[in-house]
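Right, one structure below, let's go through it.
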Amino acid sequence: MMKYFQRLGKSLMLPVACLPVCGILMGIGYLLAPAAMAGEVAGFTTGGAKYVIGLFLIKAGGALIDNMSWLFAIGVAVGMSDDGDGSSGLAGLVSFLMITKLLSVATVTALMGAEAPAAFEKIENQFIGILAGLIGATCYNKFKNTKLPDALAFFSGKRAVAIVTAAFSIIAAGILFFVWPVIYNALVTLGESIMSLGAVGTGLYVFFNRLLIPFGLHHALNSVFWFDVAGINDLQNFWANTGVFGETGMYMTGFFPFMMFGLPAACLAMYHTAKPQKKKAVFGLLASAAFCAFLTGVTEPIEFSFMFLAPGLYLVHAILAGITAGITVALPIRAGFSFSGGGVDLLLSSFTPLAQNPWLLIPVGIVVGIIYYIVFRFVISVFKLKTPGREDDDQEAEMKVELANNDYTGMAQTILEGLGGKENIKTLDNCITRLRLEINDYTKVDEKKIKSTGIAGVMRPSKTSVQVIIGPKVQFVADEMKKLL
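Sequential numbering of the sequence shown, starting at 135, is according to my numbering.
Written out as structure tokens, the structure is:
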């Protein structure tokens, strides 16, 4: 079950990867035409070439961000399929269109002979998109090789998938007719209970968000607050300028200080506390991971570098992140992101109408960075934690392949050797920062050899599973490994 959810987490990265382009287009659009989405805003005027170009870019970005549920349905279906074939994406779309049509306000009102519950006004959301994607992928995996009698041969194989998907989608819609209002109301209650706590609620949300990162289950929690599942829709309302100034963005703002400043400062603390003979070896890893977190908000290379070496330290990080988010949101600061809380998104979101004193995130982040550095260095030193460069093994592994040198072929060869060779590999996949592998014999895995490539770490969830933490360049390494296999 855990593997299934981890695979789902990886699949969600496919549609989520579409969001940065929305942020870039809409960020530039708001820079050119601040009044484009809200009509007249004090101090800004409409009309003129700059306004037209800005509005054009905002609408272009909105074309995707307003239809994220469609992206989730197709992306999850492709990501969860056995071979990533486009037919699975079509099946996901078939399921989404059928479920949302059958559970639309008009259809439900006609079926009930009375006004449809409010829950059905929100049926075209990311949750339904994900569900439709799972239905499409499951039907594709099970029925893509179906053979029918000669009279129906045209519908054999992948052509049968859409038909089966439609049948299961009707069943799913029938179940959701009764279940969705209950789910929706429960999610709304959860969201309202967190919202009622204000800044404290935001802190709790970020705390649990970090704790779920190792399991890849944080996406489910994020969907309640970022998307239109429980009526909060923080991300879309921020970029579409349909929220409330000073309120919208509260479930994104708190990520910027610890992603841009806190975790890079933690890297500095880990570098300073590393063994003298190993500082050179860990410098490349920590420096590149810190830069990645600051610029893009991708923090997994940092977090996975100490998450399993020092789980207690990771708990400290989650607590610090929650406190940081709570305090930040309590201040008159609001900013948003389309992908993650990095410098690029901070810059682009600063020009949106709902941004409130985004520049204050810089001094707040500096303070957070100082706190992270002091706390990390103190905890590592006092409790003698085994962070990068402080492992018990005194024999320093040579860095045969530096991640920064773009020798992905050499890295792939070394990692494959460390995994016991291609005959020990059952399956190979990757998410945004990790290689995910199923192996035959766990005793053949040589973690030291794998780590000699300069990767962030190795995770072994079970005897048959290995995850190699590489960072944002994982796709290039995965492509080379697939060639070797």
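Here a beta-carbon is modelled for each residue, glycine too, at the ideal position from N, C-alpha and C. From a predicted model like this one, the values you see are computed outputs, not experimental measurements.
If you follow the alpha helix (DSSP H) that residue i is in, where does it begin and where does it stop?
i: T548; result: Y542 to G552
i: Q260; result: Q260 to F277
i: S422; result: K413 to T430
i: K582; result: E581 to K585
i: A225; result: G220 to L236
i: C401; result: L397 to T407
i: G337; result: A333 to L346
i: E614; result: V608 to L618
i: S474; result: Here S474 belongs to no alpha helix (DSSP H), and DSSP marks it neither H nor E.
i: S85; result: Outside the shown range of the chain, which is 135 to 619, sits residue 85, and nothing can be said about it.
i: Y185; result: A183 to I199
i: I457; result: P445 to A464
Could you compute how far the alpha carbon of residue i sits from the alpha carbon of residue j?
i: A266; j: P497; result: 44 Å
i: G173; j: G163; result: Note that G173 scores 42 on pLDDT, short of 50, meaning its location in the model is unreliable and no value can be drawn from it.
i: L148; j: K278; result: 22 Å
i: F485; j: L282; result: 58 Å
i: S94; j: T548; result: No statement about residue 94 is possible, as the shown extent of the chain runs from 135 to 619 and does not include it.
i: E581; j: V592; result: 7 Å
i: N356; j: S586; result: 35 Å
i: S229; j: V579; result: 41 Å
i: Q601; j: M615; result: 14 Å
i: G499; j: A296; result: 50 Å
i: L166; j: I187; result: 7 Å
i: D200; j: Q370; result: 7 Å
i: R468; j: M329; result: 15 Å
i: G247; j: I366; result: 30 Å
i: A300; j: L310; result: 15 Å
i: S599; j: W204; result: 32 Å
i: Y138; j: G182; result: 52 Å
i: R141; j: K184; result: 44 Å
i: L465; j: N375; result: 21 Å
i: C426; j: P606; result: 8 Å
i: D368; j: S290; result: 44 Å
i: A250; j: V432; result: 42 Å
i: S596; j: A294; result: 36 Å
i: A307; j: L346; result: 30 Å
Is residue i near residue j, with beta carbons less than 9 Å apart?
i: A455; j: F341; result: yes
i: K235; j: T243; result: no
i: G270; j: V210; result: yes
i: E572; j: I559; result: yes
i: G263; j: F372; result: no
i: K256; j: D362; result: yes
i: F442; j: P315; result: no
i: L146; j: G213; result: yes
i: S515; j: T407; result: yes
i: C273; j: A225; result: yes
i: I233; j: S303; result: yes
i: I208; j: L237; result: no
i: L488; j: T382; result: yes
i: A421; j: A590; result: no
i: F261; j: V239; result: no
i: L540; j: Q609; result: Sequence check: residue 540 is Asn here, not Leu. No. Outside cutoff.
So the beta strand (DSSP E) residue i belongs to, where does it begin and stop?
i: K560; result: I559 to N564
i: S596; result: G591 to S596
i: E572; result: R568 to I573
i: Q490; result: Q490 -> no beta strand (DSSP E), and no H or E assigned at all.
i: V602; result: S599 to I603
I'd like the list of long-range same chain contacts for residue i, defined as Cβ closer than 7 Å, with 5 residues on each side in sequence excluded.
i: A194; result: L159
i: V463; result: A333, T336, M384, T387 and G388
i: A364; result: L321, V322, L324, G325 and V358
i: L619; result: K556, I559 and L562
i: F390; result: A469, G475, L480, L495 and G499
i: V502; result: P391, F392, F395, G396 and T458
i: F428; result: M394, P398, G476 and G477
i: K583; result: T548, E551 and G552
What does a CB cutoff of less than 6 Å around residue i pick up in its chain, not counting 5 residues either side in sequence?
i: R344; result: A452 and A455
i: A252; result: none
i: D216; result: N275
i: L519; result: A444 and L447
i: Y82; result: In the structure as shown, the chain begins at 135 and stops at 619. Residue 82 is therefore absent and cannot be evaluated.
i: F379; result: L488
Among residues of its own chain, excluding the 5 on either side of residue i, which ones have a beta-carbon nearer than 8 Å to its beta-carbon?
i: D613; result: Y542
i: K534; result: At K534, the pLDDT of 35 sits below 50, so the modelled position is not reliable; the number obtained from the coordinates is stated separately. Excluding residues within five positions, the ones whose Cβ falls inside 8 Å are G544, T548, S586 and T587.
i: S327; result: G335
Just to check, is the beta-carbon of residue i closer than 8 Å to a non-hydrogen atom of the ligand COA?
i: A403; result: With respect to small molecules bound, the structure shown includes none, and the ligand COA cannot be examined in it.
For chain B, find out if any of its Cβ atoms is closer than 9 Å to the Cβ of residue i; answer yes or no.
i: L237; result: Any reference to chain B falls outside this structure, which holds one protein chain only.
Requested in this report: Could you tell me whether the segment 393-406 touches the segment 502-518, where touching means 3 or more Cβ pairs closer than 8 Å?
Outcome: With a cut-off of 8 Å on Cβ pairs, the segment 393-406 is in contact with the segment 502-518, counting three or more such pairs.
**Report entry** the segment 407-415 in contact with the segment 438-449 per 3-pair CB rule at 8 Å
**Finding:** no
Report task. Assess, as a yes-or-no matter, whether the segment 476-492 is touched by the segment 513-527 under the definition of 3 or more beta carbon pairs within less than 8 Å. Result -> no
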